[in-house]
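Counting from 1, one number per residue, gives the positions in the sequence shown under UniProt numbering. Have a look at the structure below before the remarks.
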Amino acid sequence: MKSVRVGLAAFEGRAGQAARTLLQNQGYDGGWGLTLTSVSSIVNTSEVLPILRAAGIAGEPVRRALDFLTCAIVEHCRPRHKGGRGEHTRFIAFGLAGLLSHPRFFHHDGVAEVAAWCVGWLENHHVDHGWPEVLGLDDTSLHQTALTVHGLAQLRGALHDLGPRLRLPGGVDTSSLLERVEPLIEHGVGGLLYHRRASGAWGWRTYVDTDPSPSKTALCLLALSAVCSGTGPDGAPAYRDDPRETGGVHGAEQLKQLSEVVADAGQWLLHNHHRWETFVEDDKDVQGTAWEHMAYALCSQAAVRAGANPGDPRFAKAWKLMNDLWDPEAGLWNEPGASGKRATIRAAYYTVSAYEEALRRLTRMGFDDSTPEEASEASAEVLVESVVLGSGRMILAKARSCEARVECVLSERLFDLVKVAYDAPEGWLSTERIAGTLYVAPSSVPKYVQRLNQAVSAAFGGAPVRLLLAGTVDGAGGYRLAGR
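Have a look at this one:
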């Protein structure tokens with residue numbers, strides 16, 4: 001557990017510093033490239049947006065990035081002889097993920113229209129068992145099909161949240177667009193299941209009996225997990241997890257539920273951790289560009305998504321590597337490689353995604369501080385007994401189970417949240433009052449509280465510590481500082 005604790009304890013501050021670095025280097029067109037000096041691209045701009053979200057940043061920088069994506073997606077997908085960059089599925093897959101990275105901006109100019117345009121592109125250009133890397137190729141790309149399925153699942157969730165028969169900008173309503181999305185998800189899921197190996201993994205190429213690929217397995221796991229999670233507008237599961245045929249391209253077919261497929265893939269990744277725990281995996285299936293997956297972070301994220309305990313010893317080398325790759329001078333994470341370490345947006349995106357997945361898993365586990373064998377035994381909550389505000393957004397907290405005070409450096413928004421609660425003379429503050437003081441939506445307050453408690457818990461080594469407590473203020477929801 002120690003290896004993941006070290007990185008998580010510093011994650012909140014590092015994510016905030018990475019976000020500031022990225023904001024300082026946002027292109028004049030609103031986008032970002034692979035490095036801080038690269039030309040803006042759809043892929044890397046879509047990777048930056050989740051990093052900003054993790055740091056609690058929205059507003060004008062996100063709007064500028066969305067403006068870049070809404071223009072670039074359509075323009076890039078034009079054939080080269082018409083001034084585009086080529087008809088690559090990755091422009092659609094990554095672009096759709098970027099458009100949906102901040103759901104509250106779905107009504108921003110062009111977002112809904114371009115999302116619907118992406119759906120039309122995917123309807124017109126699918127092949128057997130998924131989507132190709134580049135139009136004109138008959139081979140299905142596992143990489144692009146998995147990313148496409150994941151993006152479509154995100155779109156389905158956004159449409160469910162918006163509700164039925166809502167008129168979107170551009171003349172499309174949520175119900176009609178959802179009716180188009182569902183068959184595309186089904187097509188992509190069928191293709192991913194067709195190429196699944198009996199071992200629970202996926203190969204690095206489709207139709208060819210290649211070695212299994214940790215990165216492709218992780219991508220397929222994350223896509224299928226996104227499909228079988230979430231609820232519809234009526235509160236029922238968004239996907240009916242019936243047994244389905246898996247395999248077929250190599251060997252006999254099996255009947256499996258998607259949840260089983262996800263669990264099997266997670267177990268394969270854990271069992272084969274030596275194949276990815278410190279590695280970057282080249283993707284030779286991608287046409288026209290050198291592509292690398294940060295397997296150490298991608299596979300960690302996927303295995304945790306499938307239910308693994310982040311403190312499992314088989315993650316130890318990967319968490320240590322991610323922690324060691326932080327570059328304080330660059331304000332970003334490096335990526336390892338034959339050419340030497342360099343700070344890239346790709347490395348930051350993969351690393352942030354892995355740490356966020358670990359935090360979500362620890363939250364679901366009740367911040368359990370047990371060994372993997374004892375992970376099913378829930379631990380009791382520990383409340384902060386006292387807190388002192390320090391300089392440089394640092395707080396000094398003492399828990400009932402700890403004799404010494406623990407230092408915790410917070411992002412600016414989380415420190416402001418602590419200060420609001422600290423300065424409240426009456427103790428409890430309503431959610432509406434906190435939202436008004438911080439200039440955020442009331443619906444965002446619980447998420448900031450969760451992030452604050454996660455950051456403090458990580459500073460205590462992953463112990464189940466809570467700093468802000470939920471309650472009721474004059475019949476409405478609110479919070480108070482523990483120990484007050």
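Think of the CB as a built atom: it goes at the ideal place given N, C-alpha and C, for glycine as much as any other residue. None of these values were measured; they are calculated from a predicted model.
Nearest to residue 71 (by Cα), restricted to the options 96, 164, 284, 362: For this step, residue 71 is matched to residue 71 along the sequence shown. Closest option to residue 71, Cα to Cα, is 96.
Nearest-angstrom Cβ-Cβ length linking residue 160 and residue 226, presumed shorter than 8 angstroms: If you number the sequence shown from 1, residue 160 lands on position 160. If you number the sequence shown from 1, residue 226 lands on position 226. Incorrect: roughly 13 angstroms between the Cβ atoms, too far for contact.
Proximity below 9 angstroms, CB of residue 150 to CB of residue 93: Within the sequence shown, numbered from 1, the residue matching residue 150 stands at position 150. Within the sequence shown, numbered from 1, the residue matching residue 93 stands at position 93. Cβ distance < 9 angstroms, so residue 150 and residue 93 count as in contact.
Which of helix, strand or coil DSSP assigns to residue 87: If you number the sequence shown from 1, residue 87 lands on position 87. Correct three-state label for residue 87: coil.
Residue 5 Cβ short of 8 angstroms to the ligand HEM heavy atom set: Here there are no bound small molecules, and the ligand HEM is not part of this structure.
Proximity below 9 angstroms, CB of residue 319 to CB of residue 327: Reading the sequence shown from its first residue, position 319 is the one you call residue 319. Reading the sequence shown from its first residue, position 327 is the one you call residue 327. It is not a contact, given that the beta carbons lie outside the stated cut-off.
Segment contact flag, the stretch 139 to 156 with the stretch 210 to 222, C-beta cutoff 8 angstroms, min 3 pairs: At 8 angstroms Cβ cutoff, the stretches touch.
Alpha-carbon to alpha-carbon, residue 73 and residue 108: Translated into positions along the sequence shown, residue 108 becomes position 108. Translated into positions along the sequence shown, residue 73 becomes position 73. Distance between the alpha carbons of residue 108 and residue 73: 16 angstroms.
Straight-line gap, residue 277 to residue 350 (C-alpha atoms, nearest Å): Here residue 277 refers to the residue found at position 277 of the sequence shown. Here residue 350 refers to the residue found at position 350 of the sequence shown. The C-alpha of residue 350 is placed about 13 angstroms away from the C-alpha of residue 277.
Secondary structure of residue 57, DSSP reduced to three states: Counted from its first residue, the sequence shown places residue 57 at position 57. Secondary structure at residue 57: coil, using DSSP grouped into helix, strand and coil.
Residue 254, enclosing beta strand (DSSP E) - first and last residue: The residue labelled residue 254 in the question sits at position 254 within the sequence shown. Segment 254 to 256, the beta strand (DSSP E) holding residue 254.
Through-space distance from residue 139 to residue 86, alpha-carbon basis: To locate residue 86, count along the sequence shown from 1; it is residue 86. To locate residue 139, count along the sequence shown from 1; it is residue 139. Each residue's alpha carbon lies about 17 angstroms from the other.
C-beta contact flag for residue 438 and residue 418 at 9 angstroms: Start at 1 with the first residue of the sequence shown, and residue 438 comes out as number 438. Start at 1 with the first residue of the sequence shown, and residue 418 comes out as number 418. The beta carbons of residue 438 and residue 418 sit no closer together than 9 angstroms.
C-beta contact flag for residue 414 and residue 359 at 9 angstroms: Taking the sequence shown and counting its residues from 1, the one referred to as residue 414 is at position 414. Taking the sequence shown and counting its residues from 1, the one referred to as residue 359 is at position 359. At a Cβ-Cβ threshold of 9 angstroms, residue 414 and residue 359 do not count as neighbours.
Sequence-distant residues of the same chain with beta carbon closer than 8 angstroms to residue 141, five excluded per side: Along the sequence shown, read from residue 1 onward, the residue named residue 141 stands at position 141. The beta carbon of residue 141 sits closer than 8 angstroms to the beta carbons of 89, 130, 131, 132, 133, 206, 285, 286 from its chain, once the five residues preceding and following it are set aside; these are given in chain order.
Under 9 angstroms between C-beta atoms of residue 156 and residue 192: Taking the first residue of the sequence shown as position 1, residue 156 is located at position 156. Taking the first residue of the sequence shown as position 1, residue 192 is located at position 192. Contact: no.
Which listed residue (465, 348, 347) has its alpha carbon closest to that of residue 398: By one-based count along the sequence shown, residue 398 stands at place 398. Of the candidates 465, 348, 347, the residue whose Cα lies closest to the Cα of residue 398 is 465.
Chain-order list of residues whose beta-carbon lies under 8 angstroms from that of residue 211 (same chain, five-residue window excluded): Taking the first residue of the sequence shown as 1, we reach residue 211 at position 211. Short of 8 angstroms from the beta carbon of residue 211, and not among the five residues preceding or following it, lie these beta carbons of its own chain, in chain order: 203, 204.
Selection from 311, 395, 62, 428 that minimises the alpha carbon distance to residue 7: One-based indexing of the sequence shown puts residue 7 at position 7. Among 311, 395, 62, 428, the Cα nearest to that of residue 7 belongs to 311.
DSSP state of residue 212 mapped onto helix, strand, coil: Here residue 212 is taken as the residue at index 212 of the sequence shown, counted from 1. Under the three-state reduction of DSSP, residue 212 is assigned to strand.
Stretch-stretch touch, CB-based, cutoff 8 angstroms, three pairs: the stretch 161 to 175 with the stretch 239 to 257: The stretch 161 to 175 makes no contact with the stretch 239 to 257: fewer than 3 CB pairs, one atom from each, lie closer than 8 angstroms.
Contiguous beta strand (DSSP E) assignments of at least 3 residues, all confined to the stretch 247 to 329: Runs found: 254 to 256.
8 angstroms Cβ shell around residue 136 - same chain, five flanking residues per side excluded: Residue 136 sits at position 136 when you count from the first residue of the sequence shown. Once the five neighbours on either side are set aside, the close Cβ partners of residue 136 are 87.
Contact between the stretch 31 to 42 and the stretch 53 to 72 (3+ Cβ pairs under 8 angstroms): Touching, yes.
Under the three-state DSSP convention, the category residue 77 falls into: Residue 77 sits at position 77 when you count from the first residue of the sequence shown. DSSP places residue 77 in coil when its eight states are reduced to three.
Residue 58 to residue 281 span [Cα, whole Å]: Within the sequence shown, numbered from 1, the residue matching residue 58 stands at position 58. Within the sequence shown, numbered from 1, the residue matching residue 281 stands at position 281. Here the C-alpha atom of residue 58 lies approximately 32 angstroms from the C-alpha atom of residue 281.
Contact set for residue 162: own chain, Cβ-Cβ below 6 angstroms, skip 5 residues either direction: For the purposes of this step, residue 162 is taken as residue 162 along the sequence shown, with counting starting at 1. Excluding sequence neighbours, residue 162 sits near 174.
Own chain partners of residue 102 with C-beta closer than 7 angstroms, once the 5 adjacent residues on each side are dropped: As a working mapping, residue 102 is identified with position 102 in the sequence shown. If you ignore the 5 residues before and after residue 102, its C-beta comes within less than 7 angstroms of the C-beta of 49, 53, 58, 62, all in its own chain and listed in chain order.
Distance, residue 478 Cα to residue 412 Cα: Residue mapping note: residue 412 aligns to position 412 of the sequence shown, counting from 1. Residue mapping note: residue 478 aligns to position 478 of the sequence shown, counting from 1. In a straight line, the C-alpha of residue 412 is about 21 angstroms away from that of residue 478.
Supposed contact pair residue 293 and residue 215 - C-beta distance, whole angstroms, cut 8 angstroms: Along the sequence shown, read from residue 1 onward, the residue named residue 215 stands at position 215. Along the sequence shown, read from residue 1 onward, the residue named residue 293 stands at position 293. Correct: roughly 4 angstroms between the Cβ atoms.
Residues sharing a beta bridge with residue 398, DSSP: Taking the first residue of the sequence shown as 1, we reach residue 398 at position 398. Per DSSP, 386.
CB of residue 247 within 9 angstroms of CB of residue 308, strictly: Against the sequence shown, residue 247 aligns to sequence position 247. Against the sequence shown, residue 308 aligns to sequence position 308. No. Outside cutoff.
Span separating the alpha-carbon of residue 13 from that of residue 341: Here residue 13 refers to the residue found at position 13 of the sequence shown. Here residue 341 refers to the residue found at position 341 of the sequence shown. Spanning the two alpha carbons is a distance of roughly 22 angstroms.
Proximal residues to residue 118 (C-beta, below 6 angstroms), its chain only, five neighbours per side dropped: Within the sequence shown, residue 118 is the residue found at index 118, counting from 1. If we look at residue 118 and ignore the five residues flanking it on each side, its Cβ neighbours are 92, 96.
Sequence-distant residues of its chain with Cβ nearer than 8 angstroms to residue 306 (five each side left out): For this step, residue 306 is matched to residue 306 along the sequence shown. The beta carbon of residue 306 sits closer than 8 angstroms to those of 221, 225, 262, 263, 265, 266, 267, 269, all from its chain and outside the five residues before and after it, given in chain order.
Cβ-Cβ distance between residue 106 and residue 55 below 9 angstroms: As a first step, residue 106 is located in the sequence shown; it is residue number 106 there, counting from the start. As a first step, residue 55 is located in the sequence shown; it is residue number 55 there, counting from the start. 9 angstroms or more divides the Cβ of residue 106 from the Cβ of residue 55.
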